[in-house]
Each structure stands twice: as structure tokens, then as C-alpha cells.
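Following: one structure in C-alpha cells, then a few remarks.
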Amino acid sequence: MPYYSLVASLSALQIGDEPPFSTEEYIDNCVQWVSGHEEQILRKVLLETPDIAPCPLCMAWHNIETQLRNAIVRHRAQKLGIDGKEYLQPHDGFSGTIEAFATDAFTRSDPVELEQELDRARWQLAEELIGGKDPFGFEKVLAYGIQLKIVERWNRMDVHSGKEKLEAVITANTEKEESSDPSD
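Just so we're aligned: 204 in the numbering used here is position 22 of the sequence shown, and the numbers increase by one with no gaps anywhere.
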């Protein structure tokens, strides 16, 4: 079913911009347009509710995200010289495009650029959910929600909170080392 009014009313999104609304607000706005089943799909995919089995669109995104995360695991494990097999998760299907996105992202030496490339890949993969389908269909509504989550993620990142998180990790690791120091 086409959602001309809903899709036409959506603000343009770009990584780095202020999101026009939160993911929760987006879902709440969509409720007046989409069916109850489609609302459940939005909640499952966008709010990461784990029950994906009965929903083909949920399963499609889950498989995309899982393959991308597995590719990330393989690249990070290789970089660290460890076997990452125990961290790989099962998924259906295989996409050479996803593997190429991950390989390209890991050519970046700057961790921020690497994360940006991975999120650009997610952005593109969300667009590909629409495929040859109606650009005003539910797949577009879902893809927009996925892209909104990416915009929200990057909007929450800033130098100050990044430094706070880094200091918290350093403090936690320092305390852990001090508590396990055998010389005490």
C-alpha cells in the first residue's frame, strides 16, 4: 500500500544533521498511516525487539545487519590476530555488497571514519530494502526509520561526551588492574 502523504511529509535526512524527531516520535507519527502489523514491524526493526521470525521484512534487515556485523568481527579479529569465529552469528543469505562495504570501511585508519563508512553502508543497505518496489511503499517508511536511527546516533556523538566515555573506560580498566595487582 502506498503512503504518499507520509513519505512526502518526511524531512530529508543526512548524517551529521540534527534529526527532525526521534525514532519513537517517528513510529508514533506513522501509527496513523500504517497497519497494526506494519507498526509492529517498525517497532521490531527500529527499537530492536528480538522477535523477528514471523516477519519477512524484519528478517531481511536482521540478516543484513548480522552479515555486516560478522564482516566487522572478521576484520577486527584479523587485525588483532585472533580467531573471531566464536563471535559470528548465523544469518540467511550472503551479499558480496555487504562484504565489500565492510572491506572498504576497514581501509580507513581513523576510527571515526571507519564508523562513518559502516553507517553509510547501513544507509545504502536500508535504501536497497526498497529495491524495485514502490518508493512510497512501506519499505520506504522502514528504510527512513533505519536512516533516522543512524542520524540520531551521529547526533549523540560529540567531543565532550566522547572524552567522558573514554575517561570512564580508562578509569574502569585502571581500577580493574589495580584490584588484580598481586603486589597488594
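Quick reminder that beta carbons are idealized off the backbone N, C-alpha and C, glycines included.
CA-CA distance, V323 to D274, rounds to 23 Å.
Taking A303 as reference, the option from D316, Q329, P317 and G313 with the minimal CA-CA separation is Q329. Just so you know, the alpha carbons of I264 and D316 end up roughly 44 Å apart. One thing to note: A287 has its Cβ within 7 Å of the Cβ of L300.
In the three-state reduction of the DSSP assignment, F283 falls in the helix class, which pools H, G and I. Under the three-state reduction of DSSP, P293 is assigned to helix.
In the DSSP assignment, A325 falls within the unbroken alpha helix (DSSP H) covering F320 to R338. Looking only at S204, W305 and N211, the smallest Cα-Cα distance to E334 is reached by S204. With a cutoff of 7 Å on beta-carbon distance, F318 and Y186 are scored as near each other. In the structure shown, L250 adopts helical secondary structure according to DSSP, grouped into three states.
Counting C-beta pairs with one atom in each stretch, the region 307–315 and the region 236–250 have three or more that are closer than 8 Å, which means they touch. Cα atoms of N355 and R256: separation of roughly 25 Å, rounded to the nearest angstrom. Secondary structure note for D210: its alpha helix (DSSP H) is the uninterrupted segment T205 to C212. Relative to the Cα of A325, the nearest Cα in the group D199, E200, C212 and H342 belongs to C212.
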